[in-house]
Amino acid sequence: MSAARKLIVIGDGVAGALTAAVLARALANTGFEVHLVGTGGEDTSVGPSTMVLTTRPGMARLHRMIGLDDERLVQSAGASFTLGSAWSGWSSVRPTYFVPFGGAGAKLHGVSFHQLAARLRATGQDLRFGDYTAAPMMAQSGRFALPPADPSNPLAELEHGLHLPAREYRAVLLQRATAFGAQHSRTTYDGVEFAPDGSISVVRLADGSRHDAHLVVDASGIERAVVRQVEDMEWQDWSGLLPCNTWVETMQATNAAPPLYSHVEALPTGWRMTVPTQGRAVQLFASSGSADLDPRPGSTVMNAGRLAEPWVGNCVAIGAAAATLDPVHALPLDLVRSALERLLRLLPGTLPASSEAREYNRETIAELDRSRDLAMVAYRLNARSGESFWDSRRAGEVPEELGHKLALYESRGRVSLLDGDLLDEDEWALLFDELGLRPRRYDSIADAIPVEHLQRQFARMRELTITAIRPLPTHGEYLSAIRRSAAA
Amino acid sequence: MSGGVRTVLIVGGGTAGWMTAAALACKLKGLPVRIRLVESAEIGTVGVGEATVPHIRFFNATLGLDEAEFMRATKATFKLGIEFRNWGRIGDSYIHPFGSYGTSTGGVNFLQLWTRYRLNGGSLSLEEFSLPVQASRLGRFSRPSEDLSSIASTFSYAYQFDASLYARVLRSYAEERGVERYEGKIVEVQRRSDDGWVERVVLEDGSALEADLFVDCSGFRSLLVGQTLGAAFQSWAHWLPCDRAIALPCSGTDELTPYTRATACDAGWIWRIPLQHRTGNGHVYCSAFTDDETAERTLVEQLDGEPLASPNRLRFEAGKRDRQWVANCVAIGLSAGFLEPLESTSIHLIQLAIGRLIEFLPLHGWDPADAAEYNRLMDIEYERIRDFLILHYCATDRSDSPFWDYVRTMPLPDSLEEKIDLFRHRGAVSRYRDGMFLEPSWIAVYVGQNILPQGYDPRADKLSASDLERQIGRVAAGCRFAAQAMPSHWDYLAQLGAAA
Ligand SMILES: Cc1cc2nc3c(=O)[nH]c(=O)nc-3n(C[C@H](O)[C@H](O)[C@H](O)COP(=O)(O)OP(=O)(O)OC[C@H]3O[C@@H](n4cnc5c(N)ncnc54)[C@H](O)[C@@H]3O)c2cc1C
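Those protein sequence lines, which keep their order, are chains G and Y. If you read the first sequence in the numbering used here, its first letter stands for residue 13, the second for the next number, and so on. If you read the second sequence in the numbering used here, its first letter stands for residue 17, the second for the next number, and so on.
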């Protein structure tokens with residue numbers, strides 16, 4: 013076999029470390045070398061959240077691949093569990109609401125929970141999805157355990173994510189990456205040189221060394237250290253669609269057990285997200301700074317947008333280098349996960365890789381755009397009036413796909429799922445419902461189920477869930493038990 | 017928004033009409049909706065359409081049909097896939113099975129391992145790694161195992177049946193559940209003056225049938241959606257030029273193949289569909305490249321039994337209505353569009369349309385959002401199937417007739433061109449949310465028609481050469497062994513009590 017093909021990951025923040033770990037693990041003994049090189053800056057590789065990151069349920073698969081699981085991250089990275097997010101100050105229907113990972117309730121006779129709920133509401137009964145959904149009920153009770161294996165247990169389908177202190181998480185990922193053979197460079201990135209066909213031929217490091225590149229991954233965050241040098245990289249600006257661009261983070265130490273959710277509170281000109289984890293809580297303030305004002309000290313400025321094409325030639329941008337997305341739904345790290353799974357499927361053995369790039373871009377762009385639509389929803393449906401920041405979010409144009417999604421849901425409680433959507437129908441429906449969107453009609457088939465039967469089923473669903481939650485340990489006890497098991 | 021649907025009239029009693037009637041009767045049970053169907057014996061049905069895809073089983077299961085009983089009543093056989101003869105090159109044969117190839121290892125698709133094996137001189141064909149293909153070649157059948165760790169769970173199956181008998185089964189099912197049937201020819205369609213919605217249809221005897229919602233199952237005529245409401249026909253004839261068919265059943269053979277066969281000819285292809293009591297045959301061809309007499313002769317020459325009827329001649333054009341739901345009329349079946357039966361997709365499209373119609377049924381009032389989403393979803397399905405069918409024609413080395421010269425060199429839809437390029441480059445299949453044909457189907461046709469990946473997923477290099485050899489050998493032996501353990505197709509039918 014010829015000389016090793018080098019995959020060079022630029023940016024050794026969380027996104028780069030994760031990329032290096034995943035690539036090194038997947039490509040061990042296949043003639044590739046994985047190199048990880050820092051850029052020296054602050055870690056904005058995932059986006060505006062730099063102190064604590066949120067994983068969504070799909071992350072467990074990727075973590076498993078690199079030998080990580082929840083317990084290990086609780087022990088070594090200070091992670092805590094999360095079931096979703098609580099929101100206050102946004103909705104017209106109620107002052108606070110909860111958006112769990114996963115959808116609400118359960119299907120009955122093939123009819124979705126949200127359609128059944130709409131039928132019950134049509135009879136005059138007022139009900140909250142959250143009262144029939146394990147995650148919000150657990151989040152409220154403060155009790156938690158990983159889902160039981162028994163499929164008949166009402167908690168079996170419970171989905172969860174993690175709140176991960178970024179620095180510690182990064183350290184764990186770096187350790188994994190090097191354990192799988194990735195080389196973490198002691199020096200930093202200097203620049204790239206291009207071959208006549210426009211692809212990157214050489215990556216230069218600050219110590220003067222030069223590396224022939226097979227593929228370069230730009231995971232340097234908003235610095236876009238590599239991408240900025242690539243000629244055809246165009247940027248699509250979303251600041252007209254997602255207004256927040258100024259981000260301030262603060263951290264407080266606390267002895268209290270962390271809640272099982274993050275909290276997003278709307279403020280007159282932006283919002284504040286509190287993300288708890290073991291021993292601390294991080295607050296992220298989002299606002300829309302105007303261009304002629306100096307940003308507040310300590311703030312990061314990051315406009316929403318994405319690269320027109322995340323993969324050009326042999327350079328793939330990942331994380332905030334590819335797209336900066338408002339983190340109101342904790343999507344940024346999940347987008348890194350999804351991009352990595354796709355990159356693995358399409359990683360080129362030989363160059364040029366224009367076929368792979370085209371497919372990668374098609375899928376990735378759809379996913380980024382639909383994630384943007386998702387991030388827009390809470391702004392679009394806000395119910396704060398008399399505040400120009402929020403009033404203007406309700407007006408104005410929305411992307412066609414989002415317009416269609418909203419219109420169809422309002423019409424009959426159906427969700428138009430498109431290529432790239434990360435949420436499924438139940439999850440969208442729950443989000444829309446909590447935000448106060450009420451369909452004018454519901455699924456007619458639900459009428460075939462007698463109301464009394466439905467009421468009984470709903471009551472039973474709630475009862476069983478409560479009974480299943482009651483004996484669980486508190487989140488704090490659960491975390492301590494996991495930590496103790498490591499010490500033992 | 018006006019009042020919701022209380023009355024449905026299904027126009028047409030072919031496969032589409034009776035499938036719709038049966039499904040609505042089942043799903044709307046207990047709801048205050050009156051369902052009626054009108055059909056005309058004088059016009060009749062197309063009377064073809066015998067091969068299905070596995071999804072039909074879910075349709076039957078939803079209705080609660082007993083499998084053995086249904087198979088007896090429709091003289092049905094099991095189907096594990098379709099054999100394609102002479103497509104990539106004259107003399108080629110491959111089977112597109114309802115199942116996947118091999119098993120993936122460490123997130124790497126088996127195709128990738130096979131590609132590495134092949135590029136290093138390995139000679140076993142991809143077929144060796146498919147249980148349903150091996151079973152088909154041996155004429156064996158057994159239903160898949162429910163044990164997901166077993167190789168015997170790696171496939172699915174469909175049926176080949178007499179479509180007119182199937183319609184009969186569905187008719188009695190629907191009528192038992194309250195669907196009212198009318199016989200008579202519609203001679204006039206009356207529309208509301210204000211918005212042009214269809215109000216009633218008038219039969220030859222002067223009687224009229226009114227409804228809130230009309231399901232147009234009138235076949236190629238597309239009486240309501242096409243003719244009356246003017247939904248334009250979007251032709252795909254430049255990509256799928258076959259426009260005629262001759263159907264001719266013949267007596268069956270002793271051996272009952274558990275698959276459909278599609279044999280490519282000079283200007284089209286011939287289907288062969290084995291049923292319990294006869295074999296269905298037909299020649300689908302392109303009138304620009306051959307004439308009807310030649311086409312019939314070609315068909316007759318290929319029959320492996322005595323003809324049982326006189327030839328049934330059909331004309332069509334590939335394409336679909338640009339809107340399948342217009343105003344208060346929804347076109348289902350041939351009235352919505354036509355894609356040649358190369359992959360047995362028409363009944364599936366009917367089933368899909370019915371499922372969507374039920375999801376979007378405006379029982380609680382009308383709203384244009386329903387039709388918009390319904391049409392968007394159906395368009396995607398038709399277009400994805402269209403691309404898959406075109407692949408069968410363009411992926412060929414045949415240059416032995418003007419027909420093959422045309423399809424081999426015709427310009428392709430961009431979407432397909434890119435898919436082929438990606439597969440040829442590294443054996444990857446483009447991913448989309450919707451569309452009935454999944455990765456294994458695309459792989460079957462690409463490889464079966466000699467579009468072989470030139471590269472592969474680097475992760476396939478993880479195994480040592482000897483481990484690869486061993487794994488390849490093990491999977492192939494597993495498929496062979498499991499296929500040989502199956503009973504013959506006839507024996508299985510008899511065992512199940514499904515033989516008529
Ligand atoms: C050559 C060929 C082979 C095929 N092979 C397959 C296959 O293997 N697998 C598969 O899935 N599909 C196949 N198909 C497609 C399949 O045959 C059709 O999808 C299926 O039969 C449905 O037809 P239909 O019910 O829409 O129309 P039709 O069978 O044409 O029924 C139309 C109905 O409308 C009624 N009607 C029409 N006009 C009037 C009027 N004015 N008044 C009253 N009633 C009226 C007719 O009486 C009839 O009942 C094939 C099609 C062709 C052409």
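For every residue, glycine included, the Cβ atom is placed at its ideal position computed from N, Cα and C.
The straight-line gap separating the alpha-carbon atoms of residue 82 of chain G and residue 363 of chain G is approximately 37 angstroms. Contact between the region 308-327 of chain Y and the region 129-149 of chain Y is absent: fewer than 3 CB-CB pairs across the two stretches fall below 8 angstroms. Interface annotation, residue 120 of chain G: not in contact with chain Y, CB-CB separation never under 7 angstroms. In summary, the residues of the region 451-472 of chain Y whose CB is separated from some CB of chain G by less than 7 angstroms are 471, 472, in the order they occur in the chain. Taking CB atoms only, residue 335 of chain G has no neighbour in chain Y less than 7 angstroms away. Counting along the chain, residue 371 of chain Y sits inside the alpha helix (DSSP H) bounded by residues 362-375. Taking 7 angstroms as the threshold, the shortest C-beta distance from residue 296 of chain Y to chain G does not fall below it. If only uninterrupted beta strand (DSSP E) runs of at least 3 residues are considered, those enclosed by the region 293-328 of chain G are 317-319. Assignment of beta-bridge partners to residue 331 of chain Y by DSSP yields Y:260.
Residue 207 of chain Y: member of the beta strand (DSSP E) spanning 202-207, first to last residue. Chain-ordered listing is empty here: chain Y has no CB closer than 9 angstroms to the CB of residue 168 of chain G, the nearest sitting near 18 angstroms.
Taking the beta carbon of residue 46 of chain Y as reference, the chain G residues within 9 angstroms of it are 459, 460, 461, 462, listed in sequence order. Against residue 431 of chain G, the close residues of chain Y are 447, 448, 449, 450, in the order they occur along the chain (beta-carbon pairs closer than 9 angstroms). Contact check for residue 77 of chain G against residue 349 of chain G fails: the beta carbons are separated by 7 angstroms or more. Among the bridge pairs identified by DSSP, residue 108 of chain G is matched with G:100. Only residues of its own chain outside the window of five on either side were considered, and among them 200, 201, 203 have a CB closer than 7 angstroms to the CB of residue 220 of chain Y, listed in chain order. Taking the Cα of residue 310 of chain G as reference, the smallest distance to any Cα among G:260, G:454, G:370 is reached at G:260. Identification of residues in the region 358-376 of chain G having a C-beta nearer than 9 angstroms to some C-beta of chain Y yields 358, 359, 360, 361, 362, 365, 366, 367, 368, 370, 371, 374, 375, given in sequence order. Flagged as an interface residue toward chain G: residue 379 of chain Y, by a C-beta distance shorter than 7 angstroms. Excluding its 5 nearest sequence neighbours in each direction, residue 389 of chain Y has C-beta neighbours in its own chain below 7 angstroms: 376, listed in chain order. Rounded to whole angstroms, the Cβ separation of residue 133 of chain Y and residue 68 of chain Y is 34 angstroms, and the two are not in contact under 8 angstroms.
Between residue 370 of chain Y and residue 36 of chain Y, the C-beta gap is smaller than 7 angstroms, which places the two residues in contact. About 5 angstroms separates the beta carbons of residue 281 of chain G and residue 401 of chain G, which is inside the 8 angstroms limit, making them a contact pair.
Between residue 319 of chain G and residue 250 of chain G a beta carbon distance of about 12 angstroms is seen, past the 8 angstroms cut, so the two are scored as non-contacting.
For a Cβ distance threshold of 7 angstroms, residue set 39, 42, 44, 359, 361 of chain G lies close to residue 474 of chain Y, ordered along the chain. Beta-bridge partners assigned by DSSP to residue 281 of chain Y: Y:284.
Closest option to residue 466 of chain Y, judged by alpha-carbon separation, among Y:91, Y:338, Y:101: Y:101.
Taking 6 angstroms as the cut-off, the C-beta of residue 43 of chain Y does not count as close to any heavy atom of ligand 1.
Looking at the backbone, the Cα of residue 189 of chain Y and that of residue 38 of chain Y are separated by about 6 angstroms.
Residue 423 of chain G reaches chain Y at 383, 385, 386, counting residues in chain order whose Cβ is nearer than 8 angstroms. Its chain contains 169 as the residues whose beta carbon lies nearer than 7 angstroms to that of residue 162 of chain Y, once the 5 sequence neighbours on both sides are disregarded; these appear in chain order.
Taking 7 angstroms as the cut-off, the Cβ atoms of residue 332 of chain G and residue 57 of chain G count as close. Taking the beta carbon of residue 240 of chain G as reference, no residue of chain Y falls within 9 angstroms; the closest one sits roughly 28 angstroms away. Taking each of Y:48, Y:63, Y:126 in turn and checking the Cα distance to residue 456 of chain Y, the smallest one comes out for Y:126. Taking 6 angstroms as the cut-off, the C-beta of residue 29 of chain Y counts as close to a heavy atom of ligand 1. Residue 453 of chain G and residue 226 of chain G do not touch by the CB rule: their CB atoms are close to 55 angstroms apart, not below 8 angstroms.
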